[in-house]
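For reference, the structure is listed below as structure tokens.
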Amino acid sequence: MKALPTPTLDSIAGEFMQFVALPQGPMRTPAYSIVSRREQRELGQVRFYPRWRAFAFFPYNLTVYSSDCLLSIYRLVADENERRLMVGPEHVDQIRRLMRRAFGDSPAGSKRGYAWLRTHFHVGSVHELGTARRAGQVIRMLREVIQRGDARRPAMRPDGRAAR
Amino acid sequence: MKALPTPTLDRIAGEFLQFVALPQVARRTPSYSIRSRRDDSELGLVTWYPRWRAFAFFPHPLAVYSSGCLLCINRLIAEEKARHRTEIAARRAAR
Numbered sequence: 000m001k002a003l004p005t006p007t008l009d010s011i012a013g014e015f016m017q018f019v020a021l022p023q024g025p026m027r028t029p030a031y032s033i034v035s036r037r038e039q040r041e042l043g044q045v046r047f048y049p050r051w052r053a054f055a056f057f058p059y060n061l062t063v064y065s066s067d068c069l070l071s072i073y074r075l076v077a078d079e080n081e082r083r084l085m086v087g088p089e090h091v092d093q094i095r096r097l098m099r100r101a102f103g104d105s106p107a108g109s110k111r112g113y114a115w116l117r118t119h120f121h122v123g124s125v126h127e128l129g130t131a132r133r134a135g136q137v138i139r140m141l142r143e144v145i146q147r148g149d150a151r152r153p154a155m156r157p158d159g160r161a162a163r
Numbered sequence: 000m001k002a003l004p005t006p007t008l009d010r011i012a013g014e015f016l017q018f019v020a021l022p023q024v025a026r027r028t029p030s031y032s033i034r035s036r037r038d039d040s041e042l043g044l045v046t047w048y049p050r051w052r053a054f055a056f057f058p059h060p061l062a063v064y065s066s067g068c069l070l071c072i073n074r075l076i077a078e079e080k081a082r083h084r085t086e087i088a089a090r091r092a093a094r
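These protein sequence lines are chains D and R, in that order.
Note that numbering that gives the first Met the number 0 numbers the first sequence so that position 153 is 152, with each residue one more than the last.
Note that numbering that gives the first Met the number 0 numbers the second sequence so that position 93 is 92, with each residue one more than the last.
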């Protein structure tokens, strides 16, 4: 087991178990191995279960769990589900990057980007999107805007001059 | 499975699980089978674990548990633990 338990995970894990973040590899969501503190034996995993679109607990064969251990695992699963549903820093970074690509790096481009966000999602900033699902919608729409490639051009006034 | 889920157990079990009390043959403490409501397959057991002197959860391999299910199972263990303690206290008081 190469990865070390993080302090946050350690605080959830309790007296008898530890949660070790597994190397993410090609997976888009984190996965955790549940390891017994005493014997360093793997007891199960907490990872994303696509069929339920949520994190779930996958116990290993011949394992036994006390009430405290179940509560710790529940906390980890619930926390991960909650985090998945919230707009995270990775969403914010990606949306800002895509907005720069779609609308340009200039202050006017940034203004156009936020105007686009307000028009389509009724929010003034990326953080106000609230859920990861909405952030995903923004990302998809921004990619479409980039593909079309028309957003970089400033809107034209009726007199033929570029609008600011 | 002969035993049916009791109303109390049904209240704890939640939306996806049901707890079925197993026949208590030659055991001093109750055991419960955790079954899926949808296909009635057995997902695990909650039974007394003498080594820990506590009720524990024995999951079946290849079963997957959501956070809600874990909470329900935890509630069952907590209720059984409380009942067990009350019984012991009553037995001691009767002596």
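Heads up, the beta-carbon is just placed ideally off N, CA and C, and yes, glycines get one too.
Residues bridged to residue i [DSSP beta-bridge criterion]
| i | result |
| --- | --- |
| Trp47 of chain R | R:Phe54 |
| Pro58 of chain D | D:Gly43 |
| Gln23 of chain R | The partner list for Gln23 of chain R (beta bridge, DSSP) is empty, contrary to what the question assumes. |
| Ser32 of chain D | D:Val19, D:Gln44 |
| Ile76 of chain R | According to DSSP, Ile76 of chain R bridges with nothing at all. |
| Met26 of chain D | In the DSSP output, where bridge partners are listed per residue, Met26 of chain D has none listed. |
| Thr130 of chain D | D:Met85 |
| Ala53 of chain D | D:Tyr48 |
| Ser32 of chain R | R:Val19, R:Leu44 |
| Tyr64 of chain R | D:Phe56 |
| Tyr64 of chain D | R:Phe56 |
Classification of residue i by the beta-carbon crowding that lies within 10 angstroms, buried from 16 upward
| i | result |
| --- | --- |
| Ser10 of chain D | exposed |
| Ala114 of chain D | exposed |
| Asn73 of chain R | buried |
| Gln17 of chain D | buried |
| Gly24 of chain D | exposed |
| Ile76 of chain R | buried |
| Gln23 of chain R | exposed |
| Gly112 of chain D | buried |
| Met0 of chain D | Note on Met0 of chain D: pLDDT 46, under 50, position unreliable in the model; the coordinate value appears next. Answer is exposed; the Cβ neighbour count stays below 16. |
| Glu79 of chain D | buried |
| Ser124 of chain D | exposed |
| Ala55 of chain R | buried |
| Ile87 of chain R | exposed |
| Gly43 of chain D | buried |
| Gly87 of chain D | exposed |
Alpha carbon of residue i to alpha carbon of residue j, nearest angstrom
| i | j | result |
| --- | --- | --- |
| Ala93 of chain R | Leu84 of chain D | 54 Å |
| His121 of chain D | Arg133 of chain D | 11 Å |
| Ala30 of chain D | Tyr59 of chain D | 15 Å |
| Tyr73 of chain D | Gly67 of chain R | 8 Å |
| Ile11 of chain R | Gln39 of chain D | 33 Å |
| Asp39 of chain R | His119 of chain D | 46 Å |
| Phe99 of chain R | Asp92 of chain D | Lying before the first or after the last residue shown, residue 99 of chain R is absent from chain R, which here runs from 0 to 94. |
| Ser105 of chain D | Arg99 of chain D | 8 Å |
| Ala62 of chain R | Ser35 of chain R | 10 Å |
| Arg147 of chain D | Phe15 of chain R | 46 Å |
| Val45 of chain D | Phe15 of chain D | 16 Å |
| Ile145 of chain D | Ala101 of chain D | 5 Å |
| Ser166 of chain D | Lys80 of chain R | Since the first residue shown for chain D is 0 and the last is 163, residue 166 of chain D is missing from the structure and cannot be characterised. |
| Arg82 of chain R | Leu69 of chain D | 19 Å |
| Gln136 of chain D | Ala20 of chain R | 47 Å |
| Arg84 of chain R | Ile33 of chain D | 30 Å |
| Arg52 of chain R | Ala55 of chain D | 28 Å |
| Met0 of chain R | Arg37 of chain R | In this prediction, Met0 of chain R scores a pLDDT of 47, lower than 50, which makes its location untrustworthy; no coordinate-derived value is stated. |
| Thr28 of chain R | Thr46 of chain R | 8 Å |
| Ser71 of chain D | Tyr64 of chain R | 14 Å |
| Gln17 of chain R | Leu8 of chain R | 8 Å |
| Phe57 of chain D | Ala89 of chain R | 39 Å |
| His59 of chain R | Pro49 of chain D | 20 Å |
Closest by C-alpha distance to residue i, when choosing among the options
| i | options | result |
| --- | --- | --- |
| Ile33 of chain R | R:Arg52, R:His83, R:Cys71 | R:Cys71 |
| Leu97 of chain D | D:Thr28, D:Ile138, D:Leu70, D:Thr130 | D:Ile138 |
| Thr62 of chain D | D:Gly112, D:Glu81, D:Glu41, D:Ile94 | D:Glu41 |
| Arg27 of chain D | D:Ile94, D:Phe15, D:Phe47, D:Val19 | D:Phe47 |
| His90 of chain D | D:Leu141, D:Ser32, D:Ala131 | D:Ala131 |
| Val19 of chain D | D:Leu75, D:Arg95, D:Arg82, D:Gly87 | D:Leu75 |
| Arg36 of chain D | D:Pro22, D:Gly13, D:Leu21 | D:Gly13 |
| Arg52 of chain D | D:Glu81, D:Gly43, D:Ser71 | D:Glu81 |
| Ile94 of chain D | D:Tyr64, D:Ala77, D:Glu127 | D:Glu127 |
| Leu116 of chain D | D:Met140, D:Gly43, D:Tyr64 | D:Met140 |
Heavy atom of the ligand MG within 7 Å of residue i beta-carbon
| i | result |
| --- | --- |
| Leu8 of chain D | Of ligands this structure carries none, so the ligand MG is not represented either. |
TODO: Select from the segment 42-55 of chain D all residues with a C-beta closer than 7 Å to any C-beta belonging to chain R, and list them in chain order.
DONE: Hits within the stretch, in order: Tyr48, Trp51, Ala53, Ala55.
- [ ] Determine which residues of the segment 51-71 of chain R have a Cβ less than 9 Å from any Cβ of chain D, and write them out in chain order.
- [x] Cβ contacts with chain D come from Trp51, Ala53, Phe54, Ala55, Phe56, Phe57, Pro58, His59, Pro60, Leu61, Ala62, Val63, Tyr64, Ser65, Ser66, Gly67, Cys68, Leu69, Leu70.
Open item on the list: Output needed in chain order: residues of the segment 66-79 of chain D with a Cβ under 7 Å from some Cβ in chain R.
Closed with: Against chain R - using a Cβ distance shorter than 7 Å - the residues of the segment 66-79 of chain D are Ser66, Leu69, Leu70, Ile72, Tyr73, Val76, Ala77.
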